[in-house]
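Novice: Reading the sequence shown from the start, the letters are residues 57 to 128 in our numbering.
Every residue, glycine too, gets a C-beta built ideally from N, C-alpha and C.
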Amino acid sequence: MRQFDEAITEYKRILNLNPNYPLARSHLAQAFEQKGLPDEARESYQNFLQIWKDADADIPELMDARKKINDL
Numbered sequence: 057m058r059q060f061d062e063a064i065t066e067y068k069r070i071l072n073l074n075p076n077y078p079l080a081r082s083h084l085a086q087a088f089e090q091k092g093l094p095d096e097a098r099e100s101y102q103n104f105l106q107i108w109k110d111a112d113a114d115i116p117e118l119m120d121a122r123k124k125i126n127d128l
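1. Can you give me the Cβ contacts of residue 91 inside the same chain, cut-off strictly under 8 angstroms, excluding the 5 residues immediately before and after it?
2. Apart from the five residues on each side of it in sequence, which residues of its chain come closer than 6 angstroms, Cβ to Cβ, to residue 121?
3. Give the C-beta separation of residue 73 and residue 84 to the nearest angstrom, bearing in mind that I take them to be a contact with Cβ-Cβ under 8 angstroms.
4. DSSP on residue 72, reduced to helix/strand/coil?
5. Within 10 Å of its beta-carbon, does residue 111 have 16 or more other beta-carbons around it, so buried, or fewer, so exposed?
6. Helix, strand or coil for residue 61, going by three-state DSSP, please let me know.
7. How close, in whole Å, do the beta carbons of residue 124 and residue 89 come, if the pair is a contact with beta carbons under 8 angstroms?
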């Protein structure tokens, strides 16, 4: 679990510098999910989708985030 704590800390640091960095949001969500924090993961996936709201809907990362929100 320590690796997920370190990843979460690092992604939060990155997002403090650039809150609209979509891949950091996505990876933060994955770290939360792996650590067993579904509410935090869902919120991060929703933030990720909000940042990329105007992107093509069939981008695999967007499709995956939508699925994971429904699964959490």
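Specialist: Working from what's here:
1. 57, 60, 61, 64
2. 101, 104, 105
3. About 13 angstroms; that fails the 8 angstroms criterion.
4. helix
5. exposed
6. helix
7. 7 angstroms
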